[in-house]
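To start, the structure itself, in structure tokens.
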Amino acid sequence: MIPDFEYVIPVLVIGGGACGCIAALSAHHAGAQVLLVEQDERPMGSTGMSQGLICAAGTKAQAALGIEDSADTYFADIMAKTQGLTDPVLARAIADHAGPTVDWMVETLDLPWELDTGFRPAYGNSTFRVHGWRGHGGQDMVDLLHRRLDDAGVDVLLGAKLVAVHADEDGRIHGVTLERPDGAQELVGCETLILACGGFAANHAMMAQHMPDVSHARNNGHEGSQGTGIVVGEKLGAAFGDMGAYQGYAMLTEPQGIPVPPGVPVEGGILVNIAGERFTNEVEDIAGMVHPVLAQPGEHVWVVFDARIEAKTDYIPKCSS
Numbered sequence: 003m004i005p006d007f008e009y010v011i012p013v014l015v016i017g018g019g020a021c022g023c024i025a026a027l028s029a030h031h032a033g034a035q036v037l038l039v040e041q042d043e044r045p046m047g048s049t050g051m052s053q054g055l056i057c058a059a060g061t062k063a064q065a066a067l068g069i070e071d072s073a074d075t076y077f078a079d080i081m082a083k084t085q086g087l088t089d090p091v092l093a094r095a096i097a098d099h100a101g102p103t104v105d106w107m108v109e110t111l112d113l114p115w116e117l118d119t120g121f122r123p124a125y126g127n128s129t130f131r132v133h134g135w136r137g138h139g140g141q142d143m144v145d146l147l148h149r150r151l152d153d154a155g156v157d158v159l160l161g162a163k164l165v166a167v168h169a170d171e172d173g174r175i176h177g178v179t180l181e182r183p184d185g186a187q188e189l190v191g192c193e194t195l196i197l198a199c200g201g202f203a204a205n206h207a208m209m210a211q212h213m214p215d216v217s218h219a220r221n222n223g224h225e226g227s228q229g230t231g232i233v234v235g236e237k238l239g240a241a242f243g244d245m246g247a248y249q250g251y252a253m254l255t256e257p258q259g260i261p262v263p264p265g266v267p268v269e270g271g272i273l274v275n276i277a278g279e280r281f282t283n284e285v286e287d288i289a290g291m292v293h294p295v296l297a298q299p300g301e302h303v304w305v306v307f308d309a310r311i312e313a314k315t316d317y318i319p320k321c322s323s
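Structure follows, in structure tokens:
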């Protein structure tokens, strides 16, 4: 039975990270009335804990520097990096649309994203295609995106968690139930629902189910990543792909919990275990470094770099040298 909703919004976006913000801004610029809902009082999520970097091919920033790249090349790089195991439909969507999206972010939203030529080709990228806001991280990115939401007049509801989705017998979604920290609930109707809250790295049961090989590894993501969108989508009969895909970047300082930038190994930094032995090619698979690191005695290692690398890297935790 579909409940009576307090109000109905044309486009409802659940999740206030980069994905949700871009979805909301895109819908707004297409002429729709939008409400974005974020469960935390301050938008952050895993986006806020990241470096705020975006890989994109065929961008105007690349062209301005004479770098030739294309969606086809990007797609080929993705398939090669994942040894053909990733969902080609998802990989194609990323390869085709990341470039135009970055250009739209820069031109329409006036976001200061540039091609980071200091980030040499790595992670399977065959050319320079990492874009970001030089000198700024993921939380700066989230904060700026929310400023753009405010500039555009897009309504944002903070401190409200999705607890139920209401659909009819045909699967058509009519609205949601949101819950506040004090337990109070609101019924919000919608014509279109966008779930941008699918991260589940902090959900131990889902990690054990979908990523058992790293389920015991330390999660350097947001504790709110409980897979809400996936749980809801599964109940609605949604399709899923690449549920076992992850970035296993094992470069987190202990006990501070500060990530060592990828630029350190890219520029020549090395890893040694507690016996002082170098045990891997640091740039062969930076995103999968978790596996050789966890195989070392004590499951931790030392990062060794020099003054040259420190000078070329925006931010290096002093505790890791």
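Counting with our numbering, you get residues 3 to 323 for the letters of the sequence shown. Ideal Cβ placement from N, Cα and C applies to all residues, glycine included. Here the structure is a predicted model, which means the values were calculated and not measured.
Go ahead and pull the three-state DSSP assignment for residue i.
| i | result |
| --- | --- |
| residue 313 | helix |
| residue 144 | helix |
| residue 320 | Below a pLDDT of 50, predicted positions are generally treated as unreliable, and residue 320, at 46, falls in that range; the measurement from the model is reported next regardless. Helix at residue 320. |
| residue 284 | coil |
| residue 134 | strand |
| residue 10 | strand |
| residue 200 | coil |
| residue 307 | coil |
| residue 151 | helix |
| residue 75 | helix |
| residue 80 | helix |
| residue 59 | coil |
| residue 277 | coil |
| residue 224 | coil |
| residue 299 | helix |
| residue 169 | strand |
Starting from residue i, follow the beta strand (DSSP E) in both directions and report where the run begins and ends.
| i | result |
| --- | --- |
| residue 400 | Beyond the ends of the chain as shown, which are 3 and 323, falls residue 400; an answer cannot be given. |
| residue 351 | Outside the displayed range of the chain (3 to 323) lies residue 351, so it cannot be described from this structure. |
| residue 274 | 272-274 |
| residue 179 | 175-181 |
| residue 327 | The displayed coordinates of the chain run from 3 to 323. Any statement about residue 327 would go beyond what the structure contains. |
| residue 157 | 157-160 |
Is it the case that the Cβ atoms of residue i and residue j are separated by a distance below 7 Å?
| i | j | result |
| --- | --- | --- |
| residue 49 | residue 158 | no |
| residue 245 | residue 212 | yes |
| residue 292 | residue 259 | no |
| residue 7 | residue 191 | yes |
| residue 122 | residue 57 | no |
| residue 274 | residue 307 | no |
| residue 124 | residue 311 | no |
| residue 36 | residue 26 | yes |
| residue 193 | residue 45 | no |
| residue 208 | residue 217 | no |
Identify which residue in the options has its Cα closest to the Cα of residue i.
| i | options | result |
| --- | --- | --- |
| residue 247 | 273, 226 and 202 | 202 |
| residue 166 | 153, 154 and 181 | 181 |
| residue 22 | 308, 263 and 196 | 196 |
| residue 93 | 74, 118, 209 and 110 | 74 |
| residue 233 | 198, 40 and 136 | 198 |
| residue 110 | 148, 78, 28 and 134 | 28 |
| residue 161 | 9, 5 and 17 | 17 |
| residue 220 | 295, 242, 175 and 153 | 295 |
| residue 175 | 235, 216 and 136 | 235 |
| residue 100 | 80, 59 and 206 | 59 |
| residue 147 | 133, 113, 178 and 238 | 113 |
Where do the N-terminal and C-terminal ends of the alpha helix (DSSP H) with residue i fall, by residue?
| i | result |
| --- | --- |
| residue 236 | 230-237 |
| residue 24 | 20-31 |
| residue 218 | Careful: residue 218 lies outside any alpha helix (DSSP H) and carries neither H nor E. |
Are any of the Cβ atoms in chain B nearer than 7 Å to that of residue i?
| i | result |
| --- | --- |
| residue 309 | In the structure shown, chain B does not exist; there is a single protein chain. |
Within the stretch 87-135, note down every full beta strand (DSSP E) run reaching 3 residues or more, in order along the chain.
132-134
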